[in-house]
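Participant: Numbering-wise, the sequence shown is residues 2 to 499 according to our numbering. Please read through the structure below; I'll follow up with questions.
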Amino acid sequence: MTAAYRELERRFARIAAIGDALGILSWDSQTMMPDGSSDGRAEQTATLTVLAHELQTDPRVADWLAEAEAAGGLDDWQAANLREMRRTHRHATAVPGDLIEATSKAISACEMTWRTARAESDFVKLLPSLSEVLRRVRECGEAKAAAMGLSPYDAMLDEHDPGARSERIDALFAGLAGFLPELIGRVLDRQAAEPAPLRPVGPFAVANQKALGERLMRAAGFDFTRGRLDVSLHPFCGGATGDVRITTRYDEDDFTKALMGVMHETGHALYEQGRPRDWLNQPVGLARGMAVHESQSLIVEMQACRSPEFLCWLAPVAQEAFGGSGPAWEPDNLRRLYSRVERGFIRVDADEVTYPAHIILRYRLEKALIAGDLALADLPGAWNDGMRELVGVVPPNDRLGCLQDIHWPSGAWGYFPSYTLGAMTAAQLFEAAATANPDIRPALARGDLGPLVAWLGTNVHGKGCLHASGDELLTAATGRPLDAAVFRRHLERRYLGA
């Protein structure tokens, strides 16, 4: 190991520490921070963001990278770490520091405005600050595109998922669009022939909902000595290395949404808590792209916790937690509730059959916005037209339409495809895990996610960025790259009994 490589490790450890500080500040701004503190928080965030950028773009980093690459002599993890350092450096050096700072400030301002605009269903109120974010994001994308030889949108995709390209996603999403409409129709017809599921009657005290959520988190292996559960407007997983913080939002009339929301974010958190201990402050110790990260939330929520086996265990547990009684609390009714397919307005509440349509809509719109083919002022109308075409419903207002997600105000352009790519990845990982360990499904019937999480720890969490891409990791874990046929097979089996 050369002196240059050791310098790089020290440098990237400092960058990771700054990232952790930013993670805690971000969590605080979405959970605890008073609204009047937003200007100061924007300055703090921008200062740390620029500091991290300066550490990444120091001219000595390029020299150290070249020297370490020429010297060789690294083991597999060190070599992968060097590869990830190079990738991170390439993204960072493409964008000048003043643009990084301006983008950070624009995002901080827009996030705060979004909260008010969403509550008031007022897109016009958001338009100026979102326009500024879009302008800055475009400039960043153009700078990275020039440096990497990509389109601006592909450069954004690559930042979230190394190697991801819109051409490939176009083909995958076209494949989904080829079978989903017919599948949705068949599922809705099947549901219409069955008794409608009964909804347990509330109110369901928030304290009881939180206690049940924490019980399920523990069953999944979440370490509360290194994490916590809180409330926010938009559920998320954040925090820092060794301090993973997730949030949810509660509805006293319906406990089912928050409960699965908690388990969704727990899947993210388990990935963060399970990253390779020896490499936590290095690039190779990070998660392998956001599609894989989304797969971990969905394998816990959709594949495991919404499975018939797990719901048979959950039904009496939930009944006891809320003091319920009657047929609404029977396992089969809970199964029908959690596998109900509906054409709805809200992405985060969508079932896994219609969910891809919500993502395809956002994917199309953000590509058009980045390319300049759609004016931001026309977004509400384009959103409603797309919802009519893809989902079959039109939102009555912008709060239920284009204002529902924080992603664009927070600068996360190019992220949305990760959700559906993650769903496909989750189905493939779960199928492989259940084949490798036949005890996984019986364990779910006992409320035990341990065997599944152990398999994920070995094949996903503990691998960090050892593999160069999500497809490489998936191939190592399942024997093949991403295959949409597995996702289709899962949907048909769960929703049609095929």
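Every residue, glycine too, gets a C-beta built ideally from N, C-alpha and C.
Between the Cα of Ile407 and the Cα atoms of Ile25, Tyr272, Gln31, which residue gives the shortest distance?
Facilitator: Gln31
Participant: Taking its Cβ as the centre, do 16 or more other Cβ atoms sit within 10 Å of Gly262, making it buried, or is it exposed?
Facilitator: Buried.
Participant: Can you round the beta-carbon distance between Cys111 and Pro410 to whole angstroms, since I take them to be within the 8 angstroms contact cut?
Facilitator: Correct: roughly 4 angstroms between the Cβ atoms.
Participant: I'd like to confirm the pairing. Which residues does DSSP put opposite Ala241 in its beta bridges?
Facilitator: Asp244
Participant: On the DSSP letters alone, give me the boundaries of the alpha helix (DSSP H) that Val487 sits inside.
Facilitator: 485-497
Participant: Just to check, is the beta-carbon of Asp374 closer than 7 angstroms to a non-hydrogen atom of the ligand ATP?
Facilitator: The ligand ATP is not part of this structure, which contains no ligands at all.
Participant: Are the Cβ atoms of Leu375 and Ala118 separated by less than 8 angstroms?
Facilitator: no
Participant: Within 10 Å of its beta-carbon, does Leu315 have 16 or more other beta-carbons around it, so buried, or fewer, so exposed?
Facilitator: A residue is called buried when at least 16 other Cβ atoms come within 10 angstroms of its Cβ; Leu315 meets this threshold and is buried.
Participant: So the beta strand (DSSP E) Gly228 belongs to, where does it begin and stop?
Facilitator: 228-232
Participant: Check for me: the alpha helix (DSSP H) holding Gly20 runs from which residue to which?
Facilitator: In this chain, the alpha helix (DSSP H) harbouring Gly20 covers 4-32.
Participant: Any idea what DSSP makes of Thr249, helix, strand or coil?
Facilitator: strand
Participant: Please list, in chain order, all residues of the same chain as Ser340 whose beta carbon is under 8 angstroms from its beta carbon, the five residues on each side excluded.
Facilitator: Arg307, Asp352, Arg495, Tyr496
Participant: Can you round the beta-carbon distance between Gly222 and Leu271 to whole angstroms, since I take them to be within the 8 angstroms contact cut?
Facilitator: 6 angstroms
Participant: Do the CB positions of Pro418 and Asn438 come within less than 8 angstroms of each other?
Facilitator: no
Participant: When you compare the CB positions of Arg15 and Leu49, do they come within less than 8 angstroms of one another, or not?
Facilitator: no
Participant: Decide if Gly415 is buried, meaning its Cβ has at least 16 other Cβ atoms within 10 Å, or exposed.
Facilitator: buried
Participant: At a cut of 8 angstroms, does the region 283-298 reach the region 465-477 through at least three beta carbon pairs?
Facilitator: yes
Participant: Around the Cβ of Phe225, are there at least 16 other Cβ atoms within 10 angstroms (buried) or fewer (exposed)?
Facilitator: exposed
Participant: Measuring alpha carbon to alpha carbon, tell me which of Gly243, Phe180, Glu183 ends up nearest Gln274.
Facilitator: Gly243
Participant: Taking Tyr456 as the reference, give the member of Pro443, Met34, Ala478, Leu213 with the closest Cα.
Facilitator: Position check: residue 456 holds Trp in this sequence, whereas Tyr was assumed. The shortest Cα separation from Trp456 among Pro443, Met34, Ala478, Leu213 belongs to Ala478.
Participant: Is it buried or exposed for Asp440, if we count other Cβ within 10 angstroms and need 16 for buried?
Facilitator: exposed
Participant: Less than 6 angstroms between C-beta atoms, sequence neighbours within five positions excluded: which residues of the same chain meet that for Ser298?
Facilitator: Exclusion of the five residues before and after Ser298 leaves His265, Gly268, His269 as the residues of its chain whose Cβ lies within less than 6 angstroms of its Cβ.
Participant: Is there contact here, the region 347-367 with the region 169-188, by at least three beta-carbon pairs under 8 angstroms?
Facilitator: yes
Participant: Pull up the distance between the alpha-carbon of Leu181 and that of Ala433, whole angstroms please.
Facilitator: 23 angstroms
Participant: Are Asp36 and Met157 touching if we call contact CB-CB under 8 angstroms?
Facilitator: Cβ distance not < 8 angstroms, so Asp36 and Met157 don't count as in contact.
Participant: Have a look at Ala5 and Ile19 and give me their C-alpha separation to the nearest angstrom.
Facilitator: 22 angstroms
Participant: When you compare only the Cα positions, how much space is there between Arg378 and Lys126?
Facilitator: The sequence shown places Ala at residue 378, rather than the Arg named in the question. Their backbone Cα atoms lie some 11 angstroms apart in a straight line.
Participant: In this structure, does DSSP put Cys403 in helix, strand or coil?
Facilitator: coil
Participant: How about the region 379-398 and the region 199-214: do they share at least three Cβ pairs that are nearer than 8 angstroms?
Facilitator: no
Participant: Comparing C-alpha positions only, which one of Arg200, Glu253, Asn398 sits nearest to Asn334?
Facilitator: Arg200
Participant: Just confirm the distance between the C-beta atoms of Val134 and His90, as a whole number of angstroms; I'd bet it's less than 8 angstroms.
Facilitator: Not really, about 25 angstroms apart at Cβ, beyond 8 angstroms.
Participant: Near Ala103, what residues of its chain come up, given a Cβ to Cβ distance below 7 angstroms and the 5 sequence neighbours on each side ignored?
Facilitator: Arg137
Participant: Is Ile347 helix, strand or coil by DSSP?
Facilitator: coil
Participant: Could you tell me whether the Cβ atoms of Ser105 and Thr46 are closer together than 8 angstroms?
Facilitator: yes
Participant: State the DSSP-derived secondary structure class of Asn398, mapped to helix, strand or coil.
Facilitator: coil
Participant: Where in the region 314-358 do unbroken runs of the alpha helix (DSSP H), each at least 4 residues long, occur, reported from the N-terminal end onward?
Facilitator: 332-339
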